[in-house]
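Beneath this line is the structure, given in structure tokens, with notes to follow.
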Amino acid sequence: MEQLDAKTLVHNIPGQVELHGELDPHRLISAVRHIVSRHQVFRTTFDIHDQKIVQRISETVELGVPYAELQPSETVEDRFGHFVKPFDLAKAPLFRAELVKITESSHVLFIDMHHLISDGYSMSVFMKELVGLYEAKYCRN
């Protein structure tokens, strides 16, 4: 179905997490990257070979997580609208994240996963793991 409409967002699972208070952006980004490196699903891609769908799992995957301030000329909704875009199923990860600074004590974490690697339950597991990693790392320093 993806190949019929390469621009579709119907299989995207986007979300925004509002973060208020003190935040170490580098620790949060590190926690996101750790989750991606730890779970095979984030290193999974899909190709068509001999008219069959083939799942491939890479050993490693690089995840860029941009961190930038919201510009005065844009809204969170506008920024999020540009963030969510179709995935190329042949390129891992089928996940993206961006951390946006609103004020010194307010941030928004944008996340977007393809439904092939996630669902509502796994999003909940992802968020629990993210909070756990961030807090554990935060407490050690």
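In short: position in the sequence shown from 1, add 1360, done, that's this note's numbering. Cβ atoms here follow ideal geometry from the backbone N, Cα and C, with glycine treated the same way.
Contact belief for I1477 with T1404 at Cβ below 8 Å, rounded distance in angstroms
Taking the Cβ atoms as the reference, I1477 lies roughly 6 Å from T1404, within the contact range of under 8 Å.
So, with DSSP's three-state summary, where would you put L1388?
DSSP places L1388 in the helix class (H, G or I) of the three-state scheme.
Our contact map puts P1453 next to L1423 with C-beta atoms below 8 Å; I'd like the distance itself, whole angstroms only.
About 6 Å separates the two Cβ atoms, so the contact holds.
Would DSSP call Q1302 helix, strand or coil?
The displayed coordinates of the chain run from 1361 to 1501. Any statement about residue 1302 would go beyond what the structure contains.
Span separating the alpha-carbon of A1457 from that of I1408
I1408 has its alpha-carbon roughly 27 Å from the corresponding atom of A1457.
Bridge partners of L1398, per DSSP?
Just to set this straight, residue 1398 is Arg in the shown sequence, not Leu. Checking the DSSP bridge columns, you'll see R1398 has no partner listed.
Confirm, please, whether the CB-CB distance from I1395 to H1475 is below 7 Å.
Result no, Cβ atoms of H1475 and I1395 do not sit closer than 7 Å.
Inter-residue Cα distance where the pair is A1496 and V1392:
Each residue's alpha carbon lies about 13 Å from the other.
So the alpha helix (DSSP H) D1438 belongs to, where does it begin and stop?
Taken as a continuous stretch (DSSP letters only), the alpha helix (DSSP H) holding D1438 covers 1436-1443.
Determine the extent of the beta strand (DSSP E) in which G1375 is found, giving its start and end residues.
Run containing G1375: 1372-1380, per the beta strand (DSSP E) assignment.
Of the residues K1451, P1446, I1471, which one's Cα is nearest the Cα of V1425?
The candidate whose alpha carbon is nearest that of V1425 is I1471.
Measuring alpha carbon to alpha carbon, tell me which residue in L1369, L1383, V1370, G1375 is nearest S1465.
Closest by alpha carbon: L1383.
Taking DSSP as the reference, what is the three-state secondary structure of L1469?
In the displayed model, L1469 falls within a strand according to three-state DSSP.
E1429, DSSP secondary structure in three states
It is a strand residue.
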